[in-house]
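Everything below concerns the one structure shown next.
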Amino acid sequence: MLTTIQSDSILASLKEKHFKKILKILTIGFVSSFSYTLYSVFFEVSYNNNSVITTYFILFLAICFFISAFQFGVLLTLILKKDIYGAIKTIQERKKAEEEQKERYAKLDSFLDREQEKVDRIRAEEVSKKIKK
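Add 4 to a position in the sequence shown, counting from 1, and you land on the number used in our numbering.
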């Protein structure tokens, strides 16, 4: 997702410091969720040996995971909300421009038809005058 950023996106205007913060949040989330998953496989063996430490460790990993997921979710929601509204506005502006262009083409066609009728009328009058002579 971060590699498909459009130039008018909020993500495109972020500084390197903010990108690093987002990547840090993602890294913490991925590492803690992976560790939590891996540790839960060996939970029973570890729990039997030292239940208090195991419980606190799993709780710590879960908290890290949920905090980073929440932070990233909030950031993503704010960024995507702004980008989606921007995309909707751009689409509406393009539609309006297309409508205006269609109107201009219709007016141009009408004008060209009237001008052609004038030219045809003038030629017809000239031919009519030549025939009468």
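Here a beta-carbon is modelled for each residue, glycine too, at the ideal position from N, C-alpha and C. Every value quoted in this text rests on a predicted model; they were computed, and no experiment measured them.
Specify whether the region 64–77 and the region 89–109 touch according to this definition: at least 3 beta carbon pairs, one from each stretch, less than 8 Å apart.
No, the region 64–77 does not touch the region 89–109.
Drop a sphere of 10 angstroms on the beta-carbon of L80, count the other beta-carbons inside from all chains shown, and report buried for 16 or more, exposed for fewer.
L80 is exposed by the Cβ-count criterion.
For K28, which of helix, strand or coil comes out of DSSP?
DSSP, reduced to helix, strand and coil, places K28 within a helical segment of the structure shown.
Would you say the region 92–102 touches the region 58–72, given that touching needs at least three Cβ pairs under 8 Å?
For the pair of segments examined, the region 92–102 was found not to touch the region 58–72: the number of CB pairs separated by less than 8 Å stays below three.
Since K137 is in the alpha helix (DSSP H), which residue starts that stretch and which ends it?
It is not in any alpha helix (DSSP H) - K137 carries neither H nor E in the DSSP assignment.
C68 and S36 - do their beta-carbons sit closer together than 8 Å?
The answer is yes: Cβ separation under 8 Å.
I need the DSSP call for K100, collapsed to helix, strand or coil.
Correct three-state label for K100: helix.
So, for L6: in the same chain, excluding its five sequence neighbours on each side, which residues have a beta-carbon less than 6 Å away from its beta-carbon?
Low per-residue confidence applies at L6: pLDDT is 49, beneath 50, and the placement is therefore not dependable enough to give any value.
To the nearest angstrom, report how far apart Y60 and N54 are at their CA atoms.
Roughly 10 Å between the two C-alpha positions.
Cutting at 7 Å between CB atoms, please list the residues of its own chain near I135, excluding the five before and the five after it.
Taken in chain order, the list of residues that qualify is empty.
Please tell me whether Y40 and I62 are closer than 8 Å, where the distance is taken between their beta carbons.
Yes, these two residues count as a Cβ contact at 8 Å.
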